[in-house]
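Below you'll find the structure, written out as structure tokens, and then a few comments.
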Amino acid sequence: MTDLQPNLNCQAFEASFPNVPVDVFSCCTSNSDLMTCNDEGKITALLMTCPEGEEKAWSGSSFPYQIQHLTSLEQIYLDGCAMVGSLPEIFQYLPNLFVLDLKSNQFHSQIPNTIGTLNKMRWLQLQNNRFSGNVPFGLIEHISTMECSSERHCSL
């Protein structure tokens, strides 16, 4: 994370997770390794990966729909966290997102159509969930232009 921002325009993210003592993550006040902020005080990355073998802080939680307000967000890592439920149709509000790593959770239902609107997407990990239905058409069209895959790694 960059140094805490001195201005009063720092972005904050509020979400309640069962096993996390903090409900508000802010670029002004947080010293958390769970997010990264840019020089303008905007949250650009949520780094909430759950290492294998450790307690899952977000176990049983649903995807935090409040993320839709973080329009400068570029990276979301919520992999291996035993999160549940369906993913909300919010991804059209995240036009700068180029990494979405949600692998190894317990998400179900269909993959949201709005994931197909993410034109900057370079890394998408959705395996080891319980998705059903068809892959969104926009995503199918965009997959061929992605620079990275599990077989073809890239540096971000």
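Numbered per the working numbering, the sequence shown spans residues 5 to 160. Quick reminder that beta carbons are idealized off the backbone N, C-alpha and C, glycines included.
Residue 136 sits exposed, since fewer than 16 C-beta atoms from the chains shown fall within 10 Å of its C-beta. Taken through DSSP and simplified to helix, strand or coil, residue 33 comes out as coil. Secondary structure within the region 62-147: the beta strand (DSSP E) runs of 3 or more consecutive residues, fully enclosed, are 79-81, 103-105, 110-113 and 127-129 (chain order). Boundaries of the beta strand (DSSP E) around residue 48: 47-51. Three or more beta-carbon pairs separated by less than 8 Å link the region 100-115 to the region 73-91, which places the two stretches in contact. Counting of Cβ neighbours within 10 angstroms places residue 81 among the buried residues, the total reaching 16 or more.
For residue 18, the secondary structure class from DSSP, reduced to helix, strand or coil, is strand.
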